[in-house]
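S.K.: Chains as they are written, first to last, in the working numbering: chain A, 104 to 357; chain B, 25 to 248. Beta carbons are placed, not taken as given, at the ideal position from N, Cα and C, and that holds for glycine. Note that the structure is a prediction, hence the values are computed from the model and not measured.
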């Protein structure tokens with residue numbers, strides 16, 4: 104077995120995952136704080152105001168990265184959920200379920216910031232446009248996944264059931280992504296393209312990309328932190344978990 | 025017994041059970057008729073207004089009727105142990121799940137499809153629009169049954185499952201109602217409804233071919 108596969112297999116062990124993520128989290132958190140600080144400063148103070156929208160365009164530095172994350176986390180949750188369902192890896196199930204609240208929060212931030220921007224720009228907090236509606240549906244699906252996970256008593260079947268629901272909801276993701284291309288909607292098309300021409304000036308693009316990176320780092324350290332707590336909770340009868348928090352109960356299993 | 029005969033036997037069993045509990049079977053149709061009566065009473069009998077809201081109203085009520093009738097699926101089977109027998113039987117569970125969904129649609133979806141044109145006549149729609157409504161319901165209600173069955177399969181073991189079900193299922197119903205009402209609205213405004221109907225048909229194919237696998241997986245988790 105080559106080293107990468109070996110490491111991947113080791114990561115499936117709750118104890119190894121707990122130790123590994125514990126070492127990783129401080130680095131991720133510090134990196135996130137630095138990139139987030141730089142991105143917010145450049146975006147909110149240094150980047151010039153828009154010639155048409157004035158300063159209110161600056162919500163892009165929160166709104167767009169959050170919207171990207173709402174989709175990114177959903178896909179990450181599904182990938183992790185599939186790994187959990189297919190190979191019955193407990194850590195993967197937990198990572199999938201730890202992702203859901205973070206994704207729901209980013210979706211809510213996207214909707215709220217979009218509404219605040221829409222009031223001065225479109226003259227209305229909310230319009231029933233395809234992009235907005237599909238993003239709202241995404242929030243409902245996130246809530247359904249979280250709710251189903253909470254409602255089922257057995258943690259492992261709960262994670263598997265919620266992952267299946269998430270997979271069914273995956274059909275919504277391309278609808279959200281392409282909604283601005285498929286329908287002639289009020290919500291504008293994408294300004295930033297990975298390949299080809301960008302319709303945004305570098306002074307605004309770089310802070311935006313920094314914020315996109317910062318939200319990814321935020322997700323990474325947040326999901327690991329959540330997964331660690333959930334692992335401790337589920338494995339509380341195991342000796343490694345008790346050793347990790349410094350309490351050893353008599354008669355605990357290995 | 026061969027697989028087709030097993031599927032037919034399951035279908036016949038569910039239909040027979042439904043025929044013996046006629047009040048449950050009639051519930052979706054009565055729901056459609058009664059709620060559709062409330063709208064003209066609440067909004068006033070203005071002809072133009074009723075024609076405008078009719079596609080949305082009929083579709084929303086049909087969708088809610090389907091949601092209400094989902095309690096016919098799997099709950100009784102879980103209680104009397106039929107579900108365990110289906111899971112341990114030697115037939116592939118997704119195929120059996122498809123038969124259950126088919127029976128559910130015949131009992132709750134098809135009556136709605138047949139009665140909806142009557143409601144549409146009462147709302148003063150033209151014959152052409154009525155045929156589009158019927159067609160969209162014919163394509164759409166099996167999707168509702170399939171998606172609903174996924175929700176039921178995941179929540180059937182829960183004590184408060186019924187309340188929970190709408191939270192799981194309604195977001196997934198959104199694309200269906202969007203394209204179905206888009207088709208009807210297009211025909212109302214004199215455009216061709218073909219594009220939306222084709223998309224609805226594509227969603228039907230997707231739902232019927234993939235939902236049974238999700239239902240089977242959900243049932244296995246709920247029963248274990």
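Return the chain-ordered list of same chain residues with a C-beta closer than 7 Å to the C-beta of residue 364 of chain A, the five sequence neighbours on each side being excluded.
M.R.: Within the shown structure, residues of chain A are numbered from 104 to 357, placing residue 364 of chain A beyond reach of any answer.
S.K.: Drop a sphere of 10 angstroms on the beta-carbon of residue 111 of chain A, count the other beta-carbons inside from all chains shown, and report buried for 16 or more, exposed for fewer.
M.R.: For the purposes of this step, residue 111 of chain A is identified with residue 8 of the first chain, where counting begins at 1. When all chains shown are included, residue 111 of chain A counts as exposed.
S.K.: Taking C-beta pairs closer than 8 Å, name the residues in chain B that residue 243 of chain A reaches, listed in chain order.
M.R.: For this step, residue 243 of chain A is matched to residue 140 along the first chain. The contacting residues are 191, 194, 195.
S.K.: Would you call the CB atoms of residue 176 of chain B and residue 97 of chain B closer than 7 Å?
M.R.: Position 152 of the second chain, counted from the first residue, corresponds to residue 176 of chain B. Position 73 of the second chain, counted from the first residue, corresponds to residue 97 of chain B. Against a cut-off of 7 Å, the Cβ pair of residue 97 of chain B and residue 176 of chain B comes out as a contact.
S.K.: For residue 188 of chain B, which residues in chain A fall below 7 Å Cβ to Cβ?
M.R.: Taking the second chain and counting its residues from 1, one reaches residue 188 of chain B at position 164. Neighbours of residue 188 of chain B on chain A, chain order: 250, 254.
S.K.: In chain A, which residues lie less than 7 Å from residue 198 of chain B when you measure between Cβ atoms?
M.R.: Working through the second chain from its first residue, we reach residue 198 of chain B at position 174. Listed by position along chain A, the residues whose Cβ is nearer than 7 Å to that of residue 198 of chain B are 240.
S.K.: Name the residue from A/313, A/266, A/120, A/267 whose alpha carbon lies nearest to the alpha carbon of residue 167 of chain A.
M.R.: Along the first chain, one-based indexing puts residue 167 of chain A at 64. When each option's Cα is compared against that of residue 167 of chain A, the closest is A/313.
S.K.: Let me know the secondary structure DSSP gives residue 115 of chain A once reduced to three states.
M.R.: Counting from 1 along the first chain, the entry for residue 115 of chain A is found at position 12. Correct three-state label for residue 115 of chain A: coil.
S.K.: In its own chain, which residues sit with a C-beta less than 6 Å from the C-beta of residue 38 of chain B, not counting the 5 before and 5 after it?
M.R.: As a working mapping, residue 38 of chain B is identified with position 14 in the second chain. Around residue 38 of chain B: 127.
S.K.: Per the DSSP calculation, residue 157 of chain A is bridged to which residue(s)?
M.R.: Sequence index remark: in the first chain, residue 157 of chain A carries index 54 (1-based). DSSP, once it has assigned bridges, lists A/153 as partnering residue 157 of chain A.
S.K.: Measure the C-alpha to C-alpha separation of residue 149 of chain A and residue 304 of chain A and round it to an integer number of angstroms.
M.R.: For the purposes of this step, residue 149 of chain A is identified with residue 46 of the first chain, where counting begins at 1. For the purposes of this step, residue 304 of chain A is identified with residue 201 of the first chain, where counting begins at 1. Their backbone Cα atoms lie some 13 Å apart in a straight line.
S.K.: Cα-Cα, which of A/308, A/332, A/337, A/352 is closest to residue 153 of chain A?
M.R.: Residue numbering aside, residue 153 of chain A sits at position 50 when the first chain is read from its first letter. Looking at the Cα atoms, A/308 is the closest of the given residues.
S.K.: When you compare the CB of residue 264 of chain A with every CB in chain B, is at least one pair closer than 7 Å?
M.R.: Mapped onto the first chain, residue 264 of chain A falls at position 161. At least one chain B Cβ lies under 7 Å of residue 264 of chain A.
S.K.: Counting only Cβ-Cβ distances shorter than 7 Å, please list the residues of the stretch 112-139 of chain B near chain A, keeping chain order.
M.R.: none
S.K.: Taking CB distances under 7 Å as the criterion, tell me whether residue 202 of chain A reaches chain B.
M.R.: Position 99 of the first chain, counted from the start, is the residue given in the question as residue 202 of chain A. For residue 202 of chain A, the answer is no, since every Cβ of chain B falls outside 7 Å of its Cβ.
S.K.: Who are the near neighbours of residue 203 of chain B in its chain, counting only those whose CB is closer than 6 Å to its CB and skipping five residues on each side?
M.R.: For the purposes of this step, residue 203 of chain B is taken as the residue at position 179 of the second chain. These residues qualify, in order along the chain: 220, 223, 224.
S.K.: Excluding the 5 residues preceding and the 5 following residue 145 of chain A in the sequence, name in chain order all residues of the same chain whose CB lies nearer than 6 Å to its CB.
M.R.: Counted from its first residue, the first chain places residue 145 of chain A at position 42. Hits under 6 Å: 310.
S.K.: Measure the CB-CB distance between residue 196 of chain B and residue 136 of chain B and report whether it falls below 7 Å.
M.R.: Mapped onto the second chain, residue 196 of chain B falls at position 172. Mapped onto the second chain, residue 136 of chain B falls at position 112. Result no, Cβ atoms of residue 196 of chain B and residue 136 of chain B do not sit closer than 7 Å.
S.K.: Only counting the same chain, and skipping five residues up and downstream in sequence, which positions put a Cβ closer than 7 Å to that of residue 347 of chain A?
M.R.: Start at 1 with the first residue of the first chain, and residue 347 of chain A comes out as number 244. Hits under 7 Å: 121, 335.
S.K.: For the stretch 43-60 of chain B against the stretch 188-195 of chain B, are there 3 or more C-beta pairs whose distance is under 8 Å?
M.R.: In this structure the stretch 43-60 of chain B does not lie against the stretch 188-195 of chain B, because fewer than three pairs of beta carbons, one per stretch, are closer than 8 Å.
S.K.: Taking three-plus beta-carbon pairs below 8 Å as touching, is the stretch 164-179 of chain A in contact with the stretch 210-225 of chain A?
M.R.: yes
S.K.: Can you name the start and end residues of the alpha helix (DSSP H) that residue 255 of chain A belongs to?
M.R.: Taking the first residue of the first chain as position 1, residue 255 of chain A is located at position 152. From DSSP, residue 255 of chain A is part of no alpha helix (DSSP H); its letter is neither H nor E.
S.K.: Terminal residues of the continuous alpha helix (DSSP H) containing residue 222 of chain B?
M.R.: As a working mapping, residue 222 of chain B is identified with position 198 in the second chain. For residue 222 of chain B, the uninterrupted alpha helix (DSSP H) run begins and ends at 218-247, by DSSP.
S.K.: Tell me, please, whether the CB atom of residue 167 of chain B is closer than 7 Å to any CB atom in chain A?
M.R.: Numbered from 1 along the second chain, position 143 holds the residue referred to as residue 167 of chain B. For residue 167 of chain B, the answer is no, since every Cβ of chain A falls outside 7 Å of its Cβ.
S.K.: Rounded C-beta distance between residue 203 of chain A and residue 182 of chain B? I'm assuming under 8 Å.
M.R.: Position 100 of the first chain, counted from the first residue, corresponds to residue 203 of chain A. Position 158 of the second chain, counted from the first residue, corresponds to residue 182 of chain B. With a Cβ gap of about 18 Å, residue 203 of chain A and residue 182 of chain B do not count as contacting.
S.K.: Using a Cβ cut-off of 9 Å, which residues of the stretch 264-292 of chain A contact any Cβ in chain B, in chain order?
M.R.: Within the stretch 264-292 of chain A, the qualifying residues are 264, 265, 267, 268, 270, 271, 272, 274, 275, 278.
S.K.: Given a cut-off of 7 Å on the beta-carbon distance, is the pair residue 188 of chain A and residue 266 of chain A in contact?
M.R.: The count along the first chain starts at 1 and reaches residue 188 of chain A at position 85. The count along the first chain starts at 1 and reaches residue 266 of chain A at position 163. In this structure, residue 266 of chain A lies closer than 7 Å to residue 188 of chain A by Cβ.
S.K.: Beta carbons nearer than 7 Å to chain A: which residues of the stretch 209-234 of chain B have them?
M.R.: none
S.K.: Hey, would you say residue 135 of chain A sits closer than 7 Å to residue 269 of chain A, going by beta carbons?
M.R.: Start at 1 with the first residue of the first chain, and residue 135 of chain A comes out as number 32. Start at 1 with the first residue of the first chain, and residue 269 of chain A comes out as number 166. It is not a contact, given that the beta carbons lie outside the stated cut-off.
S.K.: Residue 271 of chain A and residue 231 of chain B - do their beta-carbons sit closer together than 7 Å?
M.R.: Counted from its first residue, the second chain places residue 231 of chain B at position 207. Counted from its first residue, the first chain places residue 271 of chain A at position 168. Not closer than 7 Å, so no.
S.K.: Check this for me: beta carbons of residue 241 of chain A and residue 275 of chain A, under 7 Å apart or not?
M.R.: Numbered from its first residue, the first chain carries residue 241 of chain A at position 138. Numbered from its first residue, the first chain carries residue 275 of chain A at position 172. Yes, they are a contact pair.
S.K.: How about residue 173 of chain A: is its C-beta nearer than 7 Å to some C-beta of chain B?
M.R.: In the first chain, the residue the question calls residue 173 of chain A occupies position 70. Not one chain B Cβ lies under 7 Å of residue 173 of chain A.
S.K.: So which of A/257, A/302, A/212 has the shortest CA-CA distance to residue 174 of chain A?
M.R.: In the first chain, counting from the first residue as 1, residue 174 of chain A sits at position 71. When the alpha-carbon of residue 174 of chain A is set against those of A/257, A/302, A/212, the nearest one is in A/212.
S.K.: Less than 7 Å between the C-beta atoms of residue 123 of chain B and residue 34 of chain B, yes or no?
M.R.: As a working mapping, residue 123 of chain B is identified with position 99 in the second chain. As a working mapping, residue 34 of chain B is identified with position 10 in the second chain. It is a contact, given that the beta carbons lie within the stated cut-off.
S.K.: What residues of chain B sit near residue 260 of chain A, judged by a beta carbon separation below 9 Å?
M.R.: Here residue 260 of chain A refers to the residue found at position 157 of the first chain. By Cβ distance, chain B contributes 181, 245, 246, 248.
S.K.: Helix, strand or coil for residue 304 of chain A per DSSP?
M.R.: Within the first chain, numbered from 1, the residue matching residue 304 of chain A stands at position 201. Note: residue 304 of chain A maps to coil in three-state DSSP.
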